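Here the protein sequences line up with chains A and B, keeping their order. All residue numbers for the first sequence refer to the numbering used here, where the first residue is 1 and numbers rise by one. All residue numbers for the second sequence refer to the numbering used here, where the first residue is 435 and numbers rise by one. Beta carbons are placed, not taken as given, at the ideal position from N, Cα and C, and that holds for glycine. Quick caveat: nothing in here was measured; it's all calculated off a predicted structure. Structure first, commentary second.
Protein chains: 2
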Amino acid sequence: MAASTALLTDHYELTMLQAALADGAAGRRCTFEVFARRLPEGRRYGVVAGTARVLDAIRDFRFDPDTLDHLRATAQLDQRTLEYLRDYRFTGDVDGYTEGELYFPGSPLLTVTGTFAEAVVLETVVLSILNHDCAIASAAARMVTAARDRRLIEMGSRRTHEDAAVAAARAAYLAGFDATSNLQAGADHGIPTTGTSAHAFTLLHDTEADAFRAQVAALGVGTTLLVDTFDITQGIRTAVEVAGPELGAVRIDSGDLSVLAVQARRQLDDLGCPGTRIVVSGDLDEFALAALAAAPVDGYGVGTSLVTGSGAPTAGLVYKLVDVDGRPVAKRSTSKNTHGGRKIAVRRHRATGTATEEVLGTDVAPPEEPHDRPLQIPMIRGGELVAGLDDLDASREHLRRALVTLPWDGLALSRGEPAIPTTVLPPPRREGTA
Amino acid sequence: MAASTALLTDHYELTMLQAALADGAAGRRCTFEVFARRLPEGRRYGVVAGTARVLDAIRDFRFDPDTLDHLRATAQLDQRTLEYLRDYRFTGDVDGYTEGELYFPGSPLLTVTGTFAEAVVLETVVLSILNHDCAIASAAARMVTAARDRRLIEMGSRRTHEDAAVAAARAAYLAGFDATSNLQAGADHGIPTTGTSAHAFTLLHDTEADAFRAQVAALGVGTTLLVDTFDITQGIRTAVEVAGPELGAVRIDSGDLSVLAVQARRQLDDLGCPGTRIVVSGDLDEFALAALAAAPVDGYGVGTSLVTGSGAPTAGLVYKLVDVDGRPVAKRSTSKNTHGGRKIAVRRHRATGTATEEVLGTDVAPPEEPHDRPLQIPMIRGGELVAGLDDLDASREHLRRALVTLPWDGLALSRGEPAIPTTVLPPPRREGTA
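Here it is, written out as structure tokens:
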């Protein structure tokens, strides 16, 4: 595992660096923007997540002697380039959307300004983090909407890369999940962790009743007993026999959950356990959660679909050079929706608070209108991190409030257009260039 | 980032441990198996990858004092459990399929034997690694088949979690990719890295010719020039003017690649550059690669679809308890294809070498037939890693040979059934239990 983030980098960034150092272009003042050309198919909004991790990665982007030796031996870099990397430290500025903010096609999530040399080498690590974390948070936010106010537990660690799992738990919590199964996410990010038992625990024992007795003895009657290892009806009966009417919850992890939840609720009520909660899990996604809205379920465990972005495992964000020494630049291509120049973003709203439009001024802020909200905040100034940007609870609350501003159909799970349109304003006409 | 792998763990593994330590079941001798109930939809085989990373993770699964303090404060574990974790060290056995081996539904990729306590806590980290790496390698192998003998470069780091990117590069190389853009994968796994330049490098300069001159000056005429920033025909003309007839390659990263490749080839030939190669990239997957088979392309860069498993970002592997003190165990459920008892796996073949069947004996090896190949090898014995299991080039070669044994339709990209069926043999009748 990398101690520094410096090699979480595509080789071509260093070859470009070398060529630019040689011809002097490396020192040109550049602005790169991170944005999505489009949202994943049918999605109506994206959720910004991972920015605090990006800022840490920029801080930790240093080339130590071992790394330089490795690059000298394998990457065919000249002495000037190796010396540049040895002294590397990002000294520029970063602005961006706060974590928990919504984004739409073209929204400048992150703006990196500095010399070409210092900004170009950050492309890969910046995109890796944001493409992953935004994809997970965007999927998670839809699940939170679909779950209404029921408890949501993230339990997908086993279905994604072991370190991605920690970041996924963070993104899910930011999006409104209540807890995670992932202990490292608890340690790294202060997220509540939870869990009780798996089918293996029941199978380990000679009988289901033995297993339940062991769990209740260790964790108390308030625990959650997993009742579907053999027969669910018998499992619930045994659970109540062992734990009594104060049993905290039962979990069902397989089968037709909407039918089973109704049966389980009736059985628990009949057994005198009206306070025992029902938790369900097993291949749930936002659509399955929505379908369970009318079922007597108290909480959900969500795994695979969360950590794989529910069909959109990457956010498709790009890191594009938009300005060189004050000159707007863009790839000329009819199919790629790219605009040169640095964007200043505001979100327009009605007087009621409903968002109506994402407006991007080029080089200057868009003309002010009532109920505008500026979207970018300073994150790094002269290489120094601005304090206070890694506050997960604040990001969570920010998202909760932002979702309320969407037009009524913006929260629909069905496929549709972005909830609000994005308008890019042209740069102001320069004096003397009529 | 975690120094130890001990917290890459679901909370419930530790609550199960606590309950099992309290009632004495923790010491029962258990066997857990890792397998896929089914392949991702339409896939015909899976590729084992990540095993060497799993073995390292088991070795590094230790709870240091800080971790124990964190768990004491947050995970409601009793003193006995914390002391067990303090002294934790896996002392059991692991057997499994070698990296680069093919697998099918039910194949026991990894078999972990030890006390319940020592084996249950490994579930999450084992599955995280294998579910990710197998998903990537399985997708990558199809791309390698589709690319035939053309050079394949993995360049998807920016579209996945920053550490997952390194593992993805490793899995892609194992599956037959030639190189990666990811420098950390080069440093960690000795994979060749490559890269030249992005559109940003062209946009940085005042003209495309300036950019090409800078790149050629730094990297030589054998470099690859990216010619689609503005107009491809003009870009190729400029590239040849700058680099001369010895220009190594041009890269096209957008547009209809099959049409553009033909035009570029004709233009390069007309300009007297028959040796200049054409590399294409941009949203390629195995189907796009297959469609380019007749186009005059020399190499491919593949990104997003590789690191997201081309529609199957997780392999869906599970870690199931199958044996407790010699007693086969299994969850009773009609829908889940689970068999109790420890499996001994062989692959049957015709005399010609074509694979015909995956046969799993329960508790004992299947009856021997000619041309059987045993599939499991010892990986950990009494807690000690067997040496020599992390040889990427050997795994690569193993896969290459294994793919040749598949029936003719096993390599088809179209949706289909697993290339060979899996048969699970019942356990032998025990003496005296007629």
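- With a cut-off of 8 Å on Cβ pairs, the region 274-290 of chain A is in contact with the region 240-255 of chain A, counting three or more such pairs.
- In the DSSP assignment, A/Thr160 is bridged to no other residue.
- Among the bridge pairs identified by DSSP, A/Ser254 is matched with none.
- Counted as a single uninterrupted DSSP element, the beta strand (DSSP E) harbouring A/Ser281 occupies residues Arg277 to Ser281.
- Contact annotation, B/Arg782 with B/Val793: C-beta distance approximately 6 Å; criterion of less than 8 Å satisfied.
- Closest by C-alpha distance to B/Thr856, out of B/Ala553, B/Gly629 and B/Ala470, is B/Ala470.
- Under the 8 Å Cβ criterion, the region 728-735 of chain B counts as touching the region 688-704 of chain B, having at least three qualifying pairs.
- When A/Gly106, A/Pro427 and A/Leu21 are compared, the shortest CA-CA separation from A/Pro367 is found for A/Pro427.
- Secondary structure of B/Leu448 (DSSP, three-state): helix.
- Residue-level contact check: B/Gln618 touches chain A, since one or more beta carbons of chain A fall below 8 Å from its beta carbon.
- Below 8 Å, enough C-beta pairs join the region 625-636 of chain B and the region 658-671 of chain B to call them touching: three or more.
- Leaving aside the five residues that flank A/Gly222 on each side, the residues in its chain whose CB is nearer than 6 Å to its CB run, in chain order, Gly248.
- When DSSP states are grouped into helix, strand and coil, B/Val820 belongs to the coil group.
- Interface annotation, A/Ser107: not in contact with chain B, CB-CB separation never under 8 Å.
- Contiguous alpha helix (DSSP H) elements confined to the region 15-83 of chain A occur at 51-59 and 65-74, taking only those with 4 or more residues.
- By the C-beta criterion, the region 45-52 of chain A is judged to be in contact with the region 94-101 of chain A, since at least 3 inter-stretch pairs fall below 8 Å.
- Contact of A/Tyr97 with chain B is not assigned, every C-beta pair being separated by 8 Å or more.
- In the displayed model, B/His566 falls within a helix according to three-state DSSP.
- Residues of the region 448-482 of chain B with a C-beta less than 8 Å from any C-beta of chain A: Leu448, Thr449, Met450, Gln452, Ala453, Ala454, Ala456, Asp457, Ala459, Arg462, Cys464 and Phe466, listed in chain order.
- Contact of A/Thr314 with chain B is assigned, a C-beta pair being separated by under 8 Å.
- Here the C-alpha atom of A/Ala239 lies approximately 26 Å from the C-alpha atom of B/Arg463.
- Within chain B, no residue has its beta carbon less than 8 Å from that of A/Glu208; the closest one is some 11 Å off.
- Residues of chain B whose Cβ lies closer than 7 Å to the Cβ of A/Gly195 are, in chain order, Asp444, His445, Tyr446 and Thr449.
- With respect to chain B, the C-beta atom of A/Val324 has a partner C-beta closer than 8 Å.
- Legend: CB atoms of the region 562-580 of chain B lying less than 7 Å from CB atoms of chain A belong to residues Ser562, Ile563, Asn565 and His566.
- Within chain B, Asp444, Glu557, Thr558, Leu561, Ser562, Asn565 and Tyr753 have C-beta atoms less than 8 Å from the C-beta of A/Arg158, given in sequence order.
- For A/Leu204, the CB contacts under 8 Å within the same chain, skipping 5 residues up- and downstream, are Ala211 in chain order.
- At a C-beta separation below 7 Å, A/Val329 has these neighbours in chain B: Leu637.
- Residue burial is scored here from C-beta neighbours: A/Gln79 has fewer than 16 other C-beta atoms within 10 angstroms and is therefore classed as exposed.
- The alpha-carbon separation between A/Ile377 and A/Ile278 amounts to approximately 43 Å.
- Nearest neighbour of A/Pro108 by Cα position, chosen from A/Val94, A/Gly301, A/Phe230 and A/Arg266, turns out to be A/Val94.
- Residue burial is scored here from C-beta neighbours: A/Ala73 has fewer than 16 other C-beta atoms within 10 angstroms and is therefore classed as exposed.
- When 7 Å is used as the limit between beta carbons, B/Ser615 is near these residues of chain A: Asp10, His11 and Tyr12, in chain order.
- Contacts with chain B at 8 Å (Cβ-Cβ) include A/His70.
- Cβ atoms of B/Gly774 and B/Ala764 come within 8 Å of each other, at about 4 Å.
- Using a C-beta cut-off of 8 Å, the region 446-463 of chain B makes no contact with the region 574-585 of chain B, since fewer than three inter-stretch Cβ pairs fall below that distance.
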